[in-house]
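Enquirer: What follows is a single structure, and I will ask about it in a moment.
Residue numbers (my numbering): 8 to 116.
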């Protein structure tokens, strides 16, 4: 039990990083883990930014859809025959009693 506690103390004191033949391998492995951690944090940060950007774009799309529906309904109201007649009454125009006639031109060769 004395050997195991000595090994744990050596690990906690960091002797494995400065003493022995394996010290450079240990530092290389720690550097590798550090680089992996940085890559993982960067990737997570980028993913979060993309999620926020997608949410913002979805809100913008929904707003534009509602604007489209609103403008389309306004256009339909303006195009109604009754609303056109009301606007043209002020200018002295009224709906003819007879519908317009089509004129067909037939060209014989």
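Note that the Cβ used here is the ideal one computed from N, Cα and C, for glycine as well.
Are the CB atoms of residue 23 and residue 33 within a distance shorter than 8 Å?
Expert: Judged by beta-carbon spacing, residue 23 lies within the 8 Å limit of residue 33, meaning their Cβ atoms are closer than that value.
Enquirer: Would you tell me roughly how many angstroms separate the C-alpha atoms of residue 37 and residue 44, rounded to the nearest one?
Expert: 10 Å
Enquirer: In the stretch 56-104, which residue ranges form an unbroken alpha helix (DSSP H) of at least 4 residues, counting only runs that do not cross its ends?
Expert: 88-96
Enquirer: Taking the CB atoms as reference points, tell me whether residue 102 and residue 87 lie closer together than 8 Å.
Expert: no
Enquirer: Output yes or no for whether 8 Å exceeds the beta carbon distance between residue 96 and residue 90.
Expert: no
Enquirer: Return the first residue and the last residue of the alpha helix (DSSP H) that residue 18 is part of.
Expert: Segment 9-20, the alpha helix (DSSP H) holding residue 18.
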